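Novice:
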Amino acid sequence: MIGILLVTHGEIGKSLIDCAAHILDKYPISVESVAINSNNDLNSYSNIIAQKIQDLESGNGILIMTDIYGATPCNLLNKFIEKDKVEVVTGVNLPMLIKAISDRKDNLRLLTNDSIECAKKNIKKI
Amino acid sequence: MMKKIKIINELGLHARASSKLTKLACTFTSDISLIKDQNKVNAKSMMEVLMLAAGKNTIILLEANGPDEKEAILGIEKLFIDYFGEGE
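Which chain is which? The protein sequence lines are U and Y, in order.
Under our numbering, the first sequence has 21 at position 19, and the numbering climbs by one with no breaks.
Under our numbering, the second sequence has 41 at position 50, and the numbering climbs by one with no breaks.
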């Protein structure tokens, strides 16, 4: 199963996972979060992220979701990107996460693209 | 096989209801779709179902094609009739 890791400003990632669990009526497996707080040592976060990636890896790859492109959580992730093994997407929102959890496939590239498309489709003026 | 269904629960096809519907739909092998106006979505994909934005009193069309289409229509229709287990 593809692992999903949310690396976000503060507890956004954890909250998104909690909301997804409420909606899906089940706590998702192989989904973790790392909360980045600016007053802590950035190197320690790299170690935490590396450990989470290792824990989540089961042979099908890891999809990492972060919030703001170019912000610290995003920049921390650059060094972890490995084509078809560890992919990073920005602009995480609840639809993106639910899509990734509920339609989790074994193809990381497909899951990455589907998640991005779902996130975009859910941004609408109503 | 097709069936017209009226949404009667207060919150309509909201997130948790869509999740229940999708989970049930995935237990059938038939292809199952929901149609509202001109929009047809895969009933086995929760985020597609949500894109219908179908509220209370909306009429939708449930379509199933496959070996267990009858059971699928009956099972999913029951979910709507039972207010998705929400009590109203």
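Virtual Cβ for every residue (Gly too), placed ideally from N, Cα, C.
Bear in mind the structure is a predicted one, so any value in this text is a computation, not a measurement.
Tell me where the beta strand (DSSP E) around G5 of chain U begins and ends.
Specialist: Taking the first sequence and counting its residues from 1, one reaches residue 5 of chain U at position 3. It spans G5 to H11 - the beta strand (DSSP E) in which G5 of chain U sits, taken as one unbroken run.
Novice: DSSP three-state call for S35 of chain U: helix, strand or coil?
Specialist: One-based indexing of the first sequence puts residue 35 of chain U at position 33. Note: S35 of chain U maps to strand in three-state DSSP.
Novice: How many whole angstroms separate the CB atoms of L8 of chain U and V90 of chain U, which I take to be in contact at a CB cut-off of 8 Å?
Specialist: What you label residue 8 of chain U is simply residue 6 of the first sequence in a count that begins at 1. What you label residue 90 of chain U is simply residue 88 of the first sequence in a count that begins at 1. Between V90 of chain U and L8 of chain U the Cβ distance is about 11 Å, and since that is not below 8 Å, they are no contact.
Novice: State yes or no: is the C-beta of I51 of chain U within less than 8 Å of the C-beta of L18 of chain U?
Specialist: On the first sequence, residue 51 of chain U is found 49 positions in, with the first residue counted as 1. On the first sequence, residue 18 of chain U is found 16 positions in, with the first residue counted as 1. The answer is no: Cβ separation not under 8 Å.
Novice: List, from N- to C-terminal side, the alpha helix (DSSP H) runs of 4 residues or more that fit wholly inside the stretch 53 to 91 of chain U.
Specialist: Counting only runs of 4 or more, we get 74 to 79.
Novice: So what's K47 of chain Y in DSSP terms, helix, strand or just coil?
Specialist: Position 56 of the second sequence, counted from the first residue, corresponds to residue 47 of chain Y. Coil.
Novice: How close, in whole Å, do the beta carbons of I6 of chain U and M67 of chain U come, if the pair is a contact with beta carbons under 8 Å?
Specialist: Walking along the first sequence from the start, residue 6 of chain U turns up at place 4. Walking along the first sequence from the start, residue 67 of chain U turns up at place 65. Indeed they touch by this definition, with Cβ atoms about 7 Å apart.
Novice: Return the bridge partner residues of L53 of chain Y from the DSSP annotation.
Specialist: The count along the second sequence starts at 1 and reaches residue 53 of chain Y at position 62. Partner(s): Y:K(-6) and Y:L25.
Novice: Identify whether N115 of chain U lies in helix, strand or coil by the three-state DSSP scheme.
Specialist: Locating residue 115 of chain U in the first sequence gives position 113, counting from the first residue. Three-state result, N115 of chain U: helix.
Novice: Does any residue of chain U have a CB that is nearer than 8 Å to the CB of A6 of chain Y?
Specialist: Start at 1 with the first residue of the second sequence, and residue 6 of chain Y comes out as number 15. True, the Cβ-Cβ gap to chain U drops below 8 Å.
Novice: Check this for me: beta carbons of I100 of chain U and M38 of chain Y, under 8 Å apart or not?
Specialist: Indexing the first sequence from 1 puts residue 100 of chain U at position 98. Indexing the second sequence from 1 puts residue 38 of chain Y at position 47. Cβ distance < 8 Å, so I100 of chain U and M38 of chain Y count as in contact.
Novice: Run through DSSP, which three-state label would K126 of chain U get?
Specialist: Within the first sequence, residue 126 of chain U is the residue found at index 124, counting from 1. The answer is coil: DSSP assigns K126 of chain U none of H, G, I, E or B.
Novice: For chain U, is any of its Cβ atoms less than 8 Å away from the one on S10 of chain Y?
Specialist: Residue numbering aside, residue 10 of chain Y sits at position 19 when the second sequence is read from its first letter. Chain U contact via Cβ: present.
Novice: Which bits of chain Y does P97 of chain U rub up against, with CB to CB less than 7 Å?
Specialist: Within the first sequence, residue 97 of chain U is the residue found at index 95, counting from 1. The answer, in chain order, is M38.
Novice: To the nearest angstrom, report how far apart N45 of chain U and D20 of chain U are at their CA atoms.
Specialist: In the first sequence, counting from the first residue as 1, residue 45 of chain U sits at position 43. In the first sequence, counting from the first residue as 1, residue 20 of chain U sits at position 18. If you take the alpha carbons of N45 of chain U and D20 of chain U, they lie about 27 Å apart.
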